[in-house]
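When we follow our numbering, the leftmost residue of the sequence shown carries the number 726, and every step to the right adds one. Structure, as structure tokens:
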Amino acid sequence: MPETSTSHKSGFVNIIGNPNVGKSTLMNALVGERMSIITAKPQTTRHRIVGILSGDDFQIVFSDTPGIIKDPSYKMQEAMNNFVKSTFADADLMVFITEVNEKYKDDDPIFENLKNLKAPKFLVINKTDISDPDRVVELI
């Protein structure tokens, strides 16, 4: 009978953010494979894309999600937002990715959802290499 390890860990890491902030690029880099399509065209990812990273004593299931549409104007956008909302139910860790030049209001619904989430949250500020260094420091 094979020996089983009691130290094996696994979890779900869900990556959310606005369209074209680098969610798919991040997941592909973390998994080490091209799981998600990367393009400059907004809303290329239309449902959850799963990538799995496994090691001897761990397994991480990453979910790349559609970009959050602030004011959906048709059913497809509403459905994509619902995919994002569903990630709040199974997240062991939530990664919120944004880029330096994005603007948010304090009452943005995403912040309320993140605040109420019991799972740990991780903020990724992307595209700092093509941004004003003073703006990067201001955000940090």
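Ideal placement from N, C-alpha and C gives every residue a C-beta, glycine not left out.
- Membership of LYS748 in the alpha helix (DSSP H) is indicated by the continuous run 748–756.
- Ranking VAL775, LEU751, VAL738 and ASP782 by CA distance to the CA of THR731 puts ASP782 first.
- Judged by pairs of C-beta atoms under 8 Å, the region 796–805 does not touch the region 745–756, as fewer than three such pairs exist.
- Following the DSSP letters along the chain, one finds ASN739 inside the beta strand (DSSP E) bounded by residues 734–742.
- Classified as buried, PRO791 has 16 or more neighbouring CB atoms from the shown chains inside 10 Å of its CB.
- Leaving aside the five residues that flank PHE847 on each side, the residues in its chain whose CB is nearer than 8 Å to its CB run, in chain order, LEU818, MET819, VAL820 and PHE821.
- Excluding its 5 nearest sequence neighbours in each direction, ASN838 has C-beta neighbours in its own chain below 8 Å: LYS810 and PHE813, listed in chain order.
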